[in-house]
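Chains as they are written, first to last, in our numbering: chain W, 1 to 345; chain A, 1001 to 1549.
1) Am I right that residue 99/W and residue 133/W are in contact with their C-beta atoms under 8 Å? What's the rounded C-beta distance?
2) Determine, using beta carbons only, whether residue 1183/A and residue 1215/A come nearer to each other than 9 Å.
3) Residues of chain W with CB closer than 9 Å to the CB of residue 1540/A, please, in chain order.
4) Between residue 968/A and residue 1366/A, what straight-line distance do the alpha-carbon atoms span, to the nearest angstrom?
5) Taking the continuous alpha helix (DSSP H) assigned at residue 224/W, which residues delimit it?
6) Measure from the C-beta of residue 69/W to each C-beta in chain A and report whether the shortest distance is under 9 Å.
7) Just by C-beta distance, which residues in the region 1276-1294 of chain A are closer than 9 Å to chain W?
8) Identify the continuous alpha helix (DSSP H) that holds residue 1343/A and give its terminal residues.
9) By the criterion of Cβ-Cβ separation under 7 Å, what are the contact partners of residue 141/W in chain A?
10) Mapping DSSP to helix, strand and coil, what is residue 131/W?
11) Do residue 214/W and residue 114/W have their C-beta atoms closer together than 9 Å?
12) Does residue 1200/A come out as helix, strand or coil in the three-state DSSP assignment?
13) Using DSSP with H/G/I as helix, E/B as strand and the rest coil, what is residue 1019/A?
14) Between residue 1106/A and residue 1112/A, what straight-line distance do the alpha-carbon atoms span, to the nearest angstrom?
15) Looking at C-beta atoms only, is the number of pairs between the region 1281-1298 of chain A and the region 1234-1251 of chain A that lie closer than 8 Å three or more?
16) Let me confirm a value: residue 1211/A is counted as buried when at least 16 other C-beta atoms fall within 10 Å, else exposed. Which label applies?
17) For residue 1370/A and residue 40/W, I'd like the C-alpha separation in whole angstroms.
18) Counting only C-beta atoms, is residue 1383/A closer than 9 Å to chain W at any point?
19) May I ask which residues mark the beginning and end of the beta strand (DSSP E) holding residue 113/W?
20) If you draw a straight line from the alpha carbon of residue 316/W to that of residue 233/W, how long is it in whole angstroms?
21) Answer with yes or no whether the minimum CB distance from residue 264/W to chain A is below 9 Å.
22) Taking the C-alpha atoms as reference points, what is the distance between residue 1128/A and residue 1099/A?
23) Please classify residue 1548/A: does DSSP put it in a helix, a strand, or coil?
24) Could one say the Cβ of residue 44/W lies closer than 9 Å to chain A's Cβ atoms, at least one of them?
25) Answer yes or no: does any C-beta atom of chain A fall closer than 9 Å to that of residue 133/W?
26) So the beta strand (DSSP E) residue 249/W belongs to, where does it begin and stop?
27) What is the rounded straight-line gap between the Cα of residue 313/W and the Cα of residue 230/W?
28) What is the rounded straight-line gap between the Cα of residue 1332/A and the Cα of residue 33/W?
29) Do we get a CB-CB distance below 9 Å when we pair residue 275/W with the residues of chain A?
30) Residues of the region 169-192 of chain W with a CB closer than 8 Å to any CB of chain A: list them in chain order, please.
31) Check whether chain A comes within 9 Å of residue 249/W, counting only Cβ atoms and requiring the distance to be less than that.
32) Within the same chain, show all residues whose beta-carbon is closer than 7 Å to that of residue 1351/A, passing over the 5 residues directly before and after it, in chain order.
33) Determine the burial state of residue 67/W: buried for a count of at least 16 other Cβ atoms within 10 Å of its Cβ, exposed for fewer.
34) So the candidates are 1499/A, 1411/A, 1460/A, 1516/A; which of them puts its Cα closest to the Cα of residue 1273/A?
35) Against residue 47/W, what residues of chain A qualify as contacts under a CB-to-CB distance less than 8 Å, listed in chain order?
36) Where does residue 1254/A sit, in a helix, a strand or coil, going by DSSP?
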């Protein structure tokens, strides 16, 4: 495997579409630019001053010409805008079957965690043909997760999750760069993406298996930090029932409704008084400074893994097989069972 | 405020060569306490030339360092300080004041038939404030420099950097007041001091564009001041504004910073467009094509330019719908720029084109600005931007606008008005040769960087993977040529100031009011306030006077 940064190949799922769009724009702008340059040279030569007192005809306005060179660029610009927007919205929406990976950035390293519990530093192993959704957060300053070969980039912020997804197509080793200046060793914050055949990937996963899946780590933390004392999965605790919380709309005491995404869940753990769920008291202690970003990620993975359906699909307790929850995301089209609504009185 | 006198009594014929603004008073104090817009313009020329070569020297050191993939001249921290100080020097102490405060100061009152700017003392104060800001920033540099980049992104700048962030921020903040005062002065002058008969639609495009620039200076700069003050407050008092660890929002900083800094790009390029809009008609001997389209496109750029800041943040964590809006608006701001390019080329069409040095720079400007503008279309396309933002593609793009655009136009303008400023001609052949050197050196420096960016080389890297080396070496070679292209004019212009051939009052035989005064002009520009009965660039109306046709 060798670095393949000169990317005209189809390394990632959007690389091909990107390259086509990019080079169409190069061709279009190149043609217009060459035309303008040629016209400048033509004028400079053909209309060169032939006698020092020469006074050329004083043409100074032509409405049809003005209208043309306003309207034609405007139409071209709108097409560029529209196609760029389409590609961007595609990047915003990960496919439903994408696999979650948690990324924690810090000066000057990338820490990645798989749902199976495997942890890496400055590397990320992924299977080809599978969409990978990255949930990213920074421990300190702003970084930016950039895989040139896959044509994707997303800033990684402190205090808030951002995400992006990609799908590797061709097995290989690809650069991972930090693209947002983050201090002295910014240029050393370089990692590698190993895109592997699914078989090789399975072997790698088994070799790298940690103490347990990310969700099982989260479950241990859930008990260790006493979360389970108040947040019961059946009946009523002093805190809201967290089953099926992920991506559910939650009514908070200000009357607003917020979607329980990664950032909301993290905030509710670390700054527990920020957004109180309707019908509950602000009694939860803050866990700021007690949990690392990796541990928060594990808790989020746990909450995602315990799934949305109470009663029917009651997990017997996440044990070794929690790794199988990898890749399962709640089906958002399903209405959430009212019994789990924490605001219910 | 200086007043317009309709007519002064004609003076008796001078026995000695008549005094001009340079010879009327001499001595250091006559310069340090001058309120003459022309002398203040020259003070700015000296100051920004110093800052330009200072910032340029940093750039050259960076390019030399990047000859080898692992870098070889500096440690990473030093390299980071170099690019930070390069950006800070070039943006705030060269590009922003470059054309408005030098050429604008010098020619704007003359172009509208005025004796001076509306507030001459404020103009001098503006220079002192600028120098105070510059020296404060230099102090930050001497004490050990800044490593935040010129963008001061939080929370790195507020909670992590251990360098002299506050000193640099204070220097920039101070210089901002100079920008505001100059902008105010220009706006008041254009409104109140135009010669009789000089209606808005008879104004040279230079005035329109400088006026648009002044609006941005006055409206955007205060936001920069607020933002920098907030950085200092968070850094010193640990008040959580931007750092999430203190309860702040780091993306808020980017919104505030770019709310100033994107319009600031137009502060840099609108005056360049202003200069080119004077040079091309003069050396084509034709009125500018589509006068109103060009004039209004300057205003459109100034206004829409305030609404596009979010295009710096497509991958920074702003919402998809915000990104969509900013992308669309960015394409809208490209339309007036395109209008200008087409009208400049149409001005040459069927003209009487003379390729003197200013015209070479102007044509170079149009070509490079077109490349810079069109690569901006790539960056405005959301899906394309995701990959190339924060890479060398962006570096190349904005250097095509700011160096290929603004610096080319600045040099063109300096040569164009040099006979008026100094009363001397520059050596034409050497000047043409260095214009060509600048053009070639510039392209060799920055064109490879587009490719580097497309290949994925991130910006602000003190070391890089070896596959990027060939293009980096090319870029460094270009930078060396470009450096020569900048030093040669510095030398021959100083030479020409003393030994150049005496310049006639109107060496290019063109129409503007500034050419109807002696070279160099007397202290109050005009002996008799001109009465304007013609449109800008109206060669037909002045053909007897100019002995054309």
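Ideal Cβ positions, reconstructed from N, Cα and C, are used throughout, including at glycine. Bear in mind that the values here come from a model prediction, so they are computed numbers and not experimental data.
The answer reads as follows:
1) 7 Å
2) yes
3) 55, 58
4) Given a span of 1001 to 1549 for chain A in the structure shown, any question on residue 968/A remains unanswerable.
5) 214-224
6) yes
7) 1283, 1284, 1285, 1286, 1287, 1288, 1289, 1290, 1291, 1292, 1293
8) 1320-1348
9) 1155, 1156, 1160
10) strand
11) yes
12) helix
13) coil
14) 12 Å
15) no
16) buried
17) 12 Å
18) yes
19) 109-114
20) Unreliable positioning characterises residue 316/W in this predicted model, as indicated by a pLDDT of 37, which lies under 50. The coordinate reading is nonetheless provided below. Roughly 12 Å separates the two Cα atoms.
21) no
22) 18 Å
23) coil
24) yes
25) no
26) 249-251
27) Any reading at residue 313/W must be qualified, since the residue scores a pLDDT of 42, below 50, and its modelled position is unreliable; the value itself is stated next. When rounded, the distance between both Cα atoms is 22 Å.
28) 19 Å
29) no
30) 175, 177, 178, 179, 180, 181, 182, 183, 184, 185, 186, 187, 188, 190
31) no
32) 1284, 1285, 1286
33) exposed
34) 1411/A
35) 1284, 1348, 1349, 1350, 1351, 1352, 1353
36) helix
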